[in-house]
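The structure under discussion appears below in the form of structure tokens.
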Amino acid sequence: MSQNNSRQEVASRIRELRESAEASSAETAAQLGVSLELYQSYEDGTHDVPISALYSIAGFFGVDLTDLLTGKSPNLQQFCVVRQGKGPEIERYPGYRFQSLAFDFQNRLFEPLLVTLDPERNAEISLVTHGGQEFNLVLQGKIRVLLGNQAVELEAGDSIYFDPGIPHGQFALDNATASFLTVILHDAPCAPELEQASDTRK
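Residue numbers (the numbering used here): 4 to 205.
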């Protein structure tokens, strides 16, 4: 499945959830705290949906994040094994793709995701915010984590734990692919926020 197809499928599921709830685009955008134009771009697939927005949309419609990513509800209660490369994957924005590592486990208290950063396409990032708490552990390469007006550089084996209510984003350094494990603790959804894209290579 191509990344574009995956994005279009997620967009279709968002639209179907809204229509099933008999809510207008304007009402849904207002509840999520985003502009109508931005919300409509999520539904028509012309804008990558940040993870913060996916959480908020899933919470608003009373479904699991897995429902948005795969179109199926999670059904495991005791354990969930995800073989290498088999988790559902979505591109959050160019050069940043994540793979869910617990997508089929019901009532998850936190969200483990494997993130891969492509330096060729990861020149600009959009800072996002969301509820809960977040942990990143670098597995390969070197990354820079932007937290508000601060920047922290991490390499393989380094980790960071932070408040994701601070506008944040990650990108690869040294012109090399990087990957990291991110674990996001669930909390009451906050309004998804997209900051202006930052020229992060300067």
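No residue lacks a Cβ here, since even glycine has one placed at the ideal position from N, Cα and C.
Beta-ladder partner(s) of residue i, from DSSP
i	result
GLU158	LYS145
ILE169	According to DSSP, which records beta bridges pairwise, ILE169 is partnered with nothing at all.
GLN136	LEU188
ALA33	Paired residues: none, contrary to the question.
LEU130	Partner(s): none; LEU130 has no beta bridge.
GLN81	GLN81 is not bridged to any residue.
Same chain, Cβ closer than 8 Å to residue i, neighbours up to 5 away in sequence not counted
i	result
LYS75	THR69
ARG16	ASP70, LEU71 and GLY74
SER162	PHE138, ASN139, LEU140 and VAL141
Continuous alpha helix (DSSP H) stretch holding residue i: start and end
i	result
LEU20	6-23
PHE64	54-64
GLN87	First-last for GLN87: undefined, no H or E at that position.
Three-state secondary structure assigned by DSSP to residue i
i	result
LEU72	helix
THR180	coil
LYS49	For clarity, residue 49 is Thr in the given sequence; the question names Lys instead. The answer is coil: DSSP assigns THR49 none of H, G, I, E or B.
SER28	helix
Bounding residues of the beta strand (DSSP E) (the contiguous stretch that carries residue i)
i	result
GLU238	Here the chain comprises residues numbered 4 to 205, so residue 238 is not present and cannot be evaluated.
LEU120	113-120
SER38	That residue, SER38, is in no beta strand (DSSP E); it is neither H nor E in DSSP.
ALA105	ALA105 -> no beta strand (DSSP E), and no H or E assigned at all.
Status (buried if at least 16 other CB within 10 Å, exposed otherwise) for residue i
i	result
ASN2	The requested residue 2 is not part of the displayed model; the chain covers only 4 to 205.
TYR96	buried
PHE258	Because the chain in this structure spans residues 4 to 205, residue 258 falls outside the shown range and cannot be described.
GLN102	buried
THR49	exposed
GLY160	exposed
SER59	buried
Residues near residue i in its chain [Cβ-Cβ closer than 6 Å; skip 5 each side]
i	result
LEU20	PHE64
VAL13	LEU71
GLU156	ARG147
ARG10	GLY48
Cβ neighbours of residue i in the same chain (closer than 7 Å, five flanking residues each side left out)
i	result
ARG18	GLU46
ASN178	PRO122
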